[in-house]
Each structure stands twice: as structure tokens, then as C-alpha cells.
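Novice: Following this message is one structure expressed as C-alpha cells.
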Amino acid sequence: MQCEICRKKVKTKKNIINLFHPEIHHICENCYLENPLIPRLEILPIQEGIIYHHSMLVSRNKLSGLAYMSMMKPYYIDFMKSHTNNLFIYQDQLDEKLYHQMDSLKLGDIYLLTLYENIEKGEKL
Ligand SMILES: [Zn+2]
């Protein structure tokens, strides 16, 4: 499998325990060390609800969302365990336009997962 950022082959050390485990990561170790996963939760008020905004990266570089696809599993599990009545939305980033759209639609509580923090306009809404 290739790394989605640098296009080099992702190598995993195989031993007797993980010999038959499938390759699920689309990012190599060097790229992950440069852009590590830094989970962050932000609670944003909207009309008739709350946005639970989870962001995964702090990076200022535009990275491929596919590289971090395998790291979304804990968020899916969290959503299924404790936010099943909410709406799950995935976006690359939350900008002011998207926030106002979700605010005006009155969808209730929203579980929003974004790849980046708000990188436009100084990270604030
Ligand atoms: Zn890489």
C-alpha cells in the first residue's frame, strides 16, 4: 500500500502476531511523525442544538484525507456509543459558511468530524 502523502510504500513490521492482519493505514511513519494526529473537541452552540466538533489535525498544510481514513474508527465508535441520536457529518474543515448553514438548517445536535482545525481566518469562527 502507498502512502497518500509522499507516495512511498507503507511498510509494516510483520511478526507472528500481526502476520495475517490487513494493511489499513494509508500513511507512512515519516509522514505521520511530521503531521501527527492531535484530537481536539470543541462544543459550538447552534439554533436548537449543539455541534460536537472533533478535529484531527492542526497542520497548516493541505493533506489528503485518505491518509487519515483509518484513524476515524474511534470517532465512529464514540458516535455509535454515545451520540446515536445526533447527526454525523464529516468535512475536511469547518469554515464560517458551513457553520452558518448548519445553524440555519436547525438539524438538532450534530457530531461533526473534521480533518483540520479551522485554518481560515485565524482558526476562529
Ligand atoms: Zn509518507
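Going letter by letter, the sequence shown gives residues 112 to 236 in my numbering.
Glycine residues also receive a C-beta, built at the ideal position from the N, C-alpha and C atoms.
On a predicted model such as this, the values are computed, not experimentally measured, just so you know.
Quick check on residue 187: buried or exposed, where buried means 16 or more other Cβ atoms within 10 Å of its Cβ?
Specialist: exposed
Novice: Please go through the same chain and pick out, in chain order, the residues whose beta-carbon is closer than 7 angstroms to the beta-carbon of residue 150, but skip the five residues on each side of it.
Specialist: 165 and 167
Novice: With a CB to CB cut of under 7 angstroms and the five nearest residues on each side skipped, what residues in its chain are close to residue 115?
Specialist: 137, 138, 175, 177 and 178
Novice: Under the three-state reduction of DSSP, which class applies to residue 221: helix, strand or coil?
Specialist: strand
Novice: Taking the beta strand (DSSP E) that residue 213 falls in, what are its first and last residues?
Specialist: Taken as a continuous stretch (DSSP letters only), residue 213 belongs to no beta strand (DSSP E), being part of the alpha helix (DSSP H) at 207 to 216.
Novice: Quick check: does the Cβ of residue 217 come within less than 7 angstroms of any heavy atom belonging to ligand 1?
Specialist: no
Novice: Going by C-alpha distance, which of 229, 228, 227 and 205 is nearest residue 221?
Specialist: 205
Novice: Between which residues of its own chain and residue 213 is the CB-CB distance below 7 angstroms, once the five residues before and five after are set aside?
Specialist: Taken in chain order, the residues that qualify are 157, 162 and 221.
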